[in-house]
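The structure under discussion appears below in the form of structure tokens.
Numbering (this note's numbering), first residue to last: 17 to 49.
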């Protein structure tokens, strides 16, 4: 149970980091436009 929760937490963290990177890229493009 605990290991499952930990893997879920790490997946959630990597997803949010990826999303943040994507958002940052969109913001950069918007600023350049």
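Ideal placement from N, C-alpha and C gives every residue a C-beta, glycine not left out. Remember, it's a predicted structure, so these values are computed and weren't measured experimentally.
- Linking residue 38 to residue 18 through their CA atoms gives a straight-line distance of about 30 angstroms.
- CA-to-CA, the gap between residue 21 and residue 29 works out to about 12 angstroms.
- For residue 19, the enclosing alpha helix (DSSP H) has its first and last residue at 18-48.
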